[in-house]
Amino acid sequence: MKIQARLAAALMAVLLCSPGPAALAQVATNVPPIVAGARPVPVQHIKVHSQAIEGNLGGESADRDVVVLLPPSYAASPKRRYPVVYALHGYSIGAEQWTHEIRVPQTVEGAFAKGAREMIVVLPDSKTAYGGSMYSSSATTGDFETFIARDLVAYIDAHYRTVRDRRSRGLAGHSMGGYGVARIGMKHPEVFGALYLMSPGLSIHPADLPDAKGQAALDAVRKPSDAANLPFQLKAQLAVSAAWSPNPANPPLYLDLPNKAGAPQADVLAKWDANTPLAFVDQYIGALRQYRAIALDVGDQDTLKTVTEDFHKALDRYQVANTFELYSGTHTSNVAFRFQDFVIPFFSRSLQFPQDR
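The sequence shown: position 114 = 100 (our numbering), numbered continuously.
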């Protein structure tokens, strides 16, 4: 019986749907006008060590770059505590590139100037040698899921004046980051109180196996750094394989590709399917009902619009409160506008602030 292959060209649906490099995505991101009267948001670049990422077989660093944006009043109000929003980047970019794509600190400053309540915004770096961790738990790349839900939150709570309550923590993300919000949000409702999924990659669609040249290029990779110059789709295959089909008994890369000797591998593809939120959302309805608010949005020219709406419909079937918006735009064109005018205001309304108590 023929096996239908689902490969990393499917990252058009899982990760960011842009076939080009991150720089192209950033060029296509429209910039909101500066809001009059906006106060400066201090930006800090820090390193956070993650025990969950230690000892991974792929050699990914356990010391992760993190960008922290503090409220304008932070320094002048030493006794004040703030909610925190953790915002997850997409595939092929890291935290620094993410700041350019969503145009922070300008968009955070603009949101506050437009009336959103002040909060801390944290942008963690989960990029790997293959372009992205999928915010998943893997012996090969490390446990990035626990890095976000445990190690990062613990560090931010210990070093900044946060409100240490799940109801005062939000989790947002775009594309692969939206996938991370779905995955981490379903598994860790004890940590976060509200979720915002921006153009999330939530399912895998059928795609063709690589041609002989492409497969030869994958087979020639002997260490993660060899993947640096691979075409986007081939590199993305390695990223998903490292995250979702790790294999500690298969050196030197410690992963299983979905194609071997010219034939698709049904067991690997099954693992990939099992890691899609649309496959396991039914198992976490009780967890999703614990959130104060859940929002999804996607551009009307984004190939992810169908799977995003499918996730919204899945929540509706179970009567899990959520909102869904289809807006005018591509996968990346208006993400900065969305972050300023929708994401930050959403958390301003949905999180619990000290004055709410």
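Beta carbons are placed, not taken as given, at the ideal position from N, Cα and C, and that holds for glycine.
- Residues of the same chain with a CB within less than 6 Å of the CB of PRO91, apart from the 5 flanking positions on each side, are VAL27, VAL29, LEU55 in chain order.
- Between LEU181 and ILE280, the C-beta spacing is below 8 Å.
- Pairing LEU157 with ILE142 gives a Cβ-Cβ distance that is not under 8 Å.
- Where THR148 is concerned, there is no enclosing beta strand (DSSP E), because DSSP gives it neither an H nor an E.
- Contiguous alpha helix (DSSP H) elements confined to the region 251 to 301 occur at 252 to 260, 263 to 266, 271 to 274, taking only those with 4 or more residues.
- Bounds of any alpha helix (DSSP H) do not take in VAL329, whose DSSP letter is neither H nor E.
- For the alpha helix (DSSP H) assignment, the uninterrupted runs of no fewer than 4 residues enclosed by the region 100 to 155 are, from N- to C-terminal side, 139 to 145.
- Closest by C-alpha distance to VAL284, out of TYR77, MET172, HIS160, ASP111, is HIS160.
- DSSP lists LEU241 as the beta-bridge partner residues of PRO232.
- LEU55 carries a strand assignment under DSSP once its states are collapsed to helix, strand and coil.
- Rounded to whole angstroms, the gap between the alpha carbons of ALA225 and VAL52 is 21 Å.
- The C-alpha of LEU216 lies about 39 Å from the C-alpha of GLU176.
- According to the DSSP assignment, LYS173 belongs to the alpha helix (DSSP H) that extends over 162 to 173.
- Looking at the backbone, the Cα of ALA300 and that of ALA252 are separated by about 26 Å.
- By the Cβ neighbour-count rule, ARG208 is exposed, with fewer than 16 other Cβ atoms within 10 Å of its own.
- If you draw a 10 Å sphere on the C-beta of PRO238, you find fewer than 16 other C-beta atoms in it, and that means exposed.
- Membership of VAL34 in the beta strand (DSSP E) is indicated by the continuous run 29 to 35.
- In terms of CA proximity to ARG324, ILE88 leads the group GLN305, ILE88, VAL254, VAL306.
- Bridge pairing for TYR182: ALA158, ALA281 [DSSP].
- DSSP places LEU74 inside the beta strand (DSSP E), whose first and last residues are 70 to 74.
- Of the residues VAL293, ALA265, SER314, ALA322, the one whose Cα lies closest to the Cα of GLN287 is SER314.
- In the DSSP assignment, LEU204 forms no beta bridge with any residue.
- The continuous stretches of beta strand (DSSP E) do not include THR85, which lies in the alpha helix (DSSP H) extending over residues 81 to 87.
- Exclusion of the five residues before and after PRO57 leaves VAL27, TYR68, PHE98, GLU104, MET105, ILE106 as the residues of its chain whose Cβ lies within less than 8 Å of its Cβ.
- Using a C-beta cut-off of 8 Å, the region 118 to 126 makes contact with the region 228 to 236, since at least three inter-stretch Cβ pairs fall below that distance.
- In this structure TYR77 touches MET162 by the C-beta definition: roughly 4 Å separates them, less than 8 Å.
- ASP197 sits in coil when the DSSP states are folded into three classes, being neither helix nor strand.
- In this structure, THR15 lies near SER319, with their beta-carbon atoms less than 8 Å apart.
- If you ignore the 5 residues before and after GLU295, its C-beta comes within less than 7 Å of the C-beta of PHE310, all in its own chain and listed in chain order.
- Per DSSP, the unbroken alpha helix (DSSP H) holding PHE323 starts and ends at 321 to 324.
- When rounded, the separation of the alpha-carbon atoms in MET184 and ALA265 is 19 Å.
- Taken through DSSP and simplified to helix, strand or coil, ALA249 comes out as strand.
- By alpha-carbon distance to SER112, the top candidate from SER63, GLU46, ALA62, VAL94 is GLU46.
- Rounded to the nearest whole angstrom, the CA to CA distance from PHE297 to GLY166 is 14 Å.
- THR316 and LYS65 have their alpha carbons spaced roughly 42 Å apart.
- Distances from the alpha-carbon of GLN201 to those of HIS174, LEU188, PRO244 put PRO244 closest.
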